[in-house]
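Participant: Okay, here's the structure, questions in a sec.
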Amino acid sequence: MIQHPTTSSAGGLAAPPPAGTVRLTINGQLHTLEIAPWTTLLDALREYLHLTGTKKGCDHGQCGACTVLVEGKRINSCLTLAVMHEGEEITTIEGLGTQENLHPLQQAFVDHDAFQCGYCTPGQICSAQGLINEGKAHTEAEIRELMSGNLCRCGAYVGILNAVKEVVDKGIKNYELKIKN
Amino acid sequence: MNSFTYHRATAIGDAVQEKAEHPGSAYIGGGTNLLDLMKENVERPTHLVSVGKLPLAAIESLPDGGLRLGAMATNADTAWHEDVKQRYPLLNQAILAGASPQLRNMATNGGNLMQRTRCYYFYDLATPCNKREPGSGCSAIGGYNRIHAILGTSEACIATHPSDMCVALAALAPSVRVSGPNGERSIPFEDFHRLPGNEPEKDNTLEPGELILSLDLPAQGFSKNFSYLKLRDRSSYAFALISVAAALELDGHIITDARLALGGVAHKPWRDQAAENLLKGQPATAETFARVAARVVENAQGQGSNDFKIELARRAIVRALKQAAEGTQKASDVFLNSNP
Numbered sequence: 001m002i003q004h005p006t007t008s009s010a011g012g013l014a015a016p017p018p019a020g021t022v023r024l025t026i027n028g029q030l031h032t033l034e035i036a037p038w039t040t041l042l043d044a045l046r047e048y049l050h051l052t053g054t055k056k057g058c059d060h061g062q063c064g065a066c067t068v069l070v071e072g073k074r075i076n077s078c079l080t081l082a083v084m085h086e087g088e089e090i091t092t093i094e095g096l097g098t099q100e101n102l103h104p105l106q107q108a109f110v111d112h113d114a115f116q117c118g119y120c121t122p123g124q125i126c127s128a129q130g131l132i133n134e135g136k137a138h139t140e141a142e143i144r145e146l147m148s149g150n151l152c153r154c155g156a157y158v159g160i161l162n163a164v165k166e167v168v169d170k171g172i173k174n175y176e177l178k179i180k181n
Numbered sequence: 001m002n003s004f005t006y007h008r009a010t011a012i013g014d015a016v017q018e019k020a021e022h023p024g025s026a027y028i029g030g031g032t033n034l035l036d037l038m039k040e041n042v043e044r045p046t047h048l049v050s051v052g053k054l055p056l057a058a059i060e061s062l063p064d065g066g067l068r069l070g071a072m073a074t075n076a077d078t079a080w081h082e083d084v085k086q087r088y089p090l091l092n093q094a095i096l097a098g099a100s101p102q103l104r105n106m107a108t109n110g111g112n113l114m115q116r117t118r119c120y121y122f123y124d125l126a127t128p129c130n131k132r133e134p135g136s137g138c139s140a141i142g143g144y145n146r147i148h149a150i151l152g153t154s155e156a157c158i159a160t161h162p163s164d165m166c167v168a169l170a171a172l173a174p175s176v177r178v179s180g181p182n183g184e185r186s187i188p189f190e191d192f193h194r195l196p197g198n199e200p201e202k203d204n205t206l207e208p209g210e211l212i213l214s215l216d217l218p219a220q221g222f223s224k225n226f227s228y229l230k231l232r233d234r235s236s237y238a239f240a241l242i243s244v245a246a247a248l249e250l251d252g253h254i255i256t257d258a259r260l261a262l263g264g265v266a267h268k269p270w271r272d273q274a275a276e277n278l279l280k281g282q283p284a285t286a287e288t289f290a291r292v293a294a295r296v297v298e299n300a301q302g303q304g305s306n307d308f309k310i311e312l313a314r315r316a317i318v319r320a321l322k323q324a325a326e327g328t329q330k331a332s333d334v335f336l337n338s339n340p
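Respectively, the protein sequence lines represent chains E and G.
Reminder that position 143 of the first sequence reads as 143 in UniProt numbering, one-by-one numbering, no gaps.
Reminder that position 121 of the second sequence reads as 121 in UniProt numbering, one-by-one numbering, no gaps.
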C-alpha cells in the first residue's frame with residue numbers, strides 16, 4: 001500500500017496537521033489510506049492508489065472527466081474529499097471492464113467511434129453507467145440532457161450518444177462489476 | 001487548498017458544538033460549491049465540520065399536509081422523490097434544470113441554499129469585491145456584468161443568487177428549520193436570503209453557527225398549473241440568465257392564487273408578491289400577464305452588459321405565466337429545454 005503521493009509540494013511550509021485514516025472499497029478491494037483531509041477523492045485515486053484511469057480535467061466539477069461511481073451513483077471525484085467517503089464503495093473505470101473483457105459501454109464506445117483523444121472517455125463511461133443505474137433516460141433527448149455533465153473537447157458527442165443509446169436500449173442494468181484479479 | 005482539519009459530526013448537537021468551538025470553521029455537506037471556492041482560495045476555512053452523513057436526508061410528509069425535505073437529502077433524490085414529483089412538480093423541474101447529474105448526486109438541499117454567487121469578480125482574488133472582501137469595492141459595477149442583477153441591487157454589490165431550486169422554493173414558500181447555539185428556529189424562505197445593501201458579504205440571515213435541518217413545504221403545491229422556465233446561453237448545464245417560477249390556482253379562467261419568482265435577476269431568489277396580488281382575481285389572459293410582467297420589471301435597472309435582461313425577464317414572465325395557465329408542464333425525470 002502506497003501511503004504517500006508521488007508528488008510532494010510540502011517543502012518550506014509549516015508542518016500540516018496529522019493525516020487521517022480513511023477506508024475505501026475501490027473496485028471491490030478494501031484500501032486503508034493515511035491521507036491529509038484536503039485530499040480530494042480524485043487525488044486519492046490517482047496519486048495514492050495509482051488508479052490513473054480517472055482523469056483530472058478542469059478540477060472544478062465542470063467537465064466530468066473525473067466521474068466515478070460512489071455506491072453506484074455517479075459523482076465528480078474532484079469536488080469531494082476522500083475522507084467524506086469513509087467505508088463507501090467506489091467504482092472507477094478500472095472496475096468496469098478489462099482489456100480482455102470489455103464492459104458493454106466500452107465495447108459500444110469502440111463500435112460507435114465515441115472518442116478521439118480518449119481523455120474524457122473514462123468519465124463518459126462511468127457517467128453513462130450512472131445514467132443506466134438511475135434508469136431515467138430513455139430517449140436521445142433524455143440521454144443528451146443527462147449526459148450533459150461530461151464534456152468532450154474532440155466533439156465526439158454523436159458517437160457517445162449512439163454508444164450510450166445502444167446500451168440503454170439493450171436494457172443492461174446495474175452491470176455486474178468485473179474486477180481485475 | 002489551504003490546510004485545514006476535519007471532523008465528521010456524529011449528531012446535530014455535535015456539529016453545532018464543533019462549529020462553535022472552532023472559529024473560522026465551516027459546515028460541509030456535499031461540498032460541490034465550498035470545495036470549488038476553497039480551491040480558488042475564495043473560502044479559507046481552517047476546520048471543516050462534515051454534516052453530510054447526519055440523519056437529515058429523509059423526505060417525509062408533515063401532519064399539516066406539507067412535505068419535509070431533509071437538508072442532507074441530495075438534489076437528485078429530492079427531484080426524483082415520488083412525493084416531490086406528484087405534489088411539487090415545480091420543484092422537481094427547477095432542480096433538474098440546474099447543474100449536472102453528477103453534481104446533483106452530491107449537492108444537498110441545505111447546501112443549495114448556502115451556495116454562493118458565481119460573479120466572476122467574486123471568484124477572482126485579483127479584483128476588488130465587496131462580498132469577498134468588504135469595503136474593497138465592486139468590480140462588476142462599471143465592469144463586465146452580463147450575468148448580474150437588475151433588481152434589488154446596491155452600490156456595494158450587483159451579484160445574483162445562482163440557484164434554480166431556490167427560485168421554485170421562493171414560489172412554494174417553505175420554512176427553513178435551523179439549529180444553532182441558541183436552539184432551533186424556523187425562518188420563512190422569503191426571509192432566508194437577503195439583498196446586498198451595504199453588507200453584501202452576508203448572503204442570508206443565518207446566525208453564526210446555525211445549521212439547516214430541513215425545508216418544510218406547505219401543503220399547497222400548485223401541482224396542476226405551474227412552469228419553470230430557464231433561459232441560458234446553452235440548453236443544458238449552464239446558470240440561468242433569467243429563470244421564472246410561475247404557479248397558479250385557477251377557477252375556470254380566473255386566477256384565484258398565484259406565485260411568481262425569478263432567478264438570475266437579484267442577490268436573492270426574487271419573489272414578487274405585489275405582482276402575485278395583481279394576478280389574483282384576474283382572467284388568465286395574455287393582457288393580464290403582460291401587465292403583471294411590466295410591473296415586475298418596472299424598477300429594474302441595467303448595468304450595461306446586462307441591460308438585455310430587463311426585456312428578457314419581461315418576456316420570460318409572460319411566457320411562464322402562459323405555460324402555467326395552460327398546465328402543459330409536468331413533473332419529469334429529466335428537464336428538457338424544449339418543454340412547451
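Glycine included, each C-beta is placed from N, C-alpha and C at the ideal position.
Owing to the predicted nature of the structure, the values given are computational and were not obtained by experimental measurement.
1) Report all residues from its chain with a CB closer than 6 Å to the CB of residue 39/E; omit the five preceding and five following residues, and keep chain order.
2) If you measure between the beta carbons of residue 125/E and residue 93/E, is that distance less than 8 Å?
3) Cβ closer than 7 Å: which chain E residues qualify as neighbours of residue 334/G?
4) I'd like the list of long-range same chain contacts for residue 179/E, defined as Cβ closer than 8 Å, with 5 residues on each side in sequence excluded.
5) Tell me whether the beta-carbon of residue 50/E lies closer than 8 Å to the beta-carbon of residue 39/G.
6) Using 8 Å as the threshold, is the C-beta distance between residue 169/G and residue 299/G below it?
7) Under 8 Å by Cβ, that's how I've got residue 216/G and residue 177/G pegged, so tell me the actual separation to the nearest angstrom.
8) Any idea what DSSP makes of residue 144/E, helix, strand or coil?
9) Give every residue of the same chain whose Cβ lies closer than 7 Å to the Cβ of residue 8/E, excluding the five residues on either side of it in the sequence, and list them in chain order.
10) With distances taken Cα to Cα, identify the nearest neighbour of residue 139/E among 66/E, 170/E and 19/E.
11) If the cut-off is 7 Å on Cβ atoms, which residues from the stretch 64-78 of chain E count as contacting chain G, listed in chain order?
12) Check whether chain E comes within 8 Å of residue 215/G, counting only Cβ atoms and requiring the distance to be less than that.
13) For residue 59/E, would you say it is in contact with chain G, using Cβ-to-Cβ distances shorter than 8 Å as the test?
14) At 7 Å on the CB atoms, spell out the chain A contacts of residue 83/E, in chain order.
15) Give the C-beta separation of residue 21/E and residue 122/E to the nearest angstrom, bearing in mind that I take them to be a contact with Cβ-Cβ under 8 Å.
16) Residues of the stretch 113-134 of chain G in Cβ contact with chain E at a cutoff of 8 Å, in chain order, please.
17) For the candidate residues 93/G, 12/G and 57/G, whose alpha-carbon lies nearest to that of residue 329/G?
18) Can you give me, in chain order, the residues of the stretch 89-101 of chain E that have a beta carbon less than 9 Å from any beta carbon in chain G?
19) Would residue 248/G and residue 324/G be called neighbours here (beta carbons separated by less than 8 Å)?
20) Go through the stretch 240-320 of chain G residue by residue and report every complete run of the alpha helix (DSSP H) that reaches 4 residues or more, in order.
21) Under the rule that 16 or more other beta-carbon atoms within 10 Å means buried, what is residue 265/G, buried or exposed?
22) State the Cα-Cα distance for the pair residue 289/G and residue 322/G, rounded to the nearest angstrom.
23) Tell me whether the beta-carbon of residue 28/G lies closer than 8 Å to the beta-carbon of residue 213/G.
24) Quick one: list the residues of chain E neighbouring residue 1/G, beta-carbon separation under 8 Å, in chain order.
25) Counting only Cβ-Cβ distances shorter than 8 Å, please list the residues of the stretch 80-106 of chain G near chain E, keeping chain order.
26) Taking the alpha carbon of residue 127/E as the point to measure from, which residue in 25/E, 44/E and 63/E has its own alpha carbon closest?
27) Assign residue 59/G to buried or exposed, taking buried as 16 or more other Cβ atoms, counted over all protein chains shown, within 10 Å of its Cβ.
28) List the residues of chain G whose Cβ lies closer than 7 Å to the Cβ of residue 118/E, in chain order.
29) Which residues share a DSSP beta bridge with residue 36/E?
Facilitator: Once the coordinates are examined:
1) 82
2) In terms of Cβ geometry, residue 125/E and residue 93/E form a close pair [threshold 8 Å].
3) 136, 137, 142, 145 and 146
4) Residue placement at residue 179/E is poorly supported in this model, since its pLDDT is 40, which falls under 50; the coordinates still yield a value, given next. So the list reads 27, 28, 29 and 95, once near-sequence residues are dropped.
5) With a cutoff of 8 Å on beta-carbon distance, residue 50/E and residue 39/G are scored as not near each other.
6) Contact flag unset, no.
7) 6 Å
8) helix
9) Residue placement at residue 8/E is flagged as unreliable, the pLDDT there being 45, under the threshold of 50; the coordinate-derived value follows with that caveat. Hits under 7 Å: none found.
10) Checked all of 66/E, 170/E and 19/E; the closest Cα to residue 139/E is 170/E.
11) 64, 67, 73, 74, 75 and 76
12) no
13) yes
14) The question asks about chain A, but that chain is absent: this structure's protein chains are E and G.
15) Rounded, the Cβ-Cβ distance is 27 Å, inconsistent with contact.
16) none
17) 93/G
18) Only those residues of the stretch 89-101 of chain E whose C-beta falls short of 9 Å from the nearest C-beta of chain G would be listed, and there are none.
19) yes
20) Counting whole runs of 4 or more residues, the stretch 240-320 of chain G contains the alpha helix (DSSP H) stretches 273-279 and 286-296.
21) buried
22) 7 Å
23) no
24) 38
25) Listed in sequence order: 80, 99, 100, 101, 102, 103, 105 and 106.
26) 63/E
27) buried
28) Residues of chain G whose Cβ lies closer than 7 Å to the Cβ of residue 118/E do not exist; the shortest such Cβ separation is about 20 Å.
29) Answer by DSSP bridge pairing: none, since residue 36/E is not bridged.
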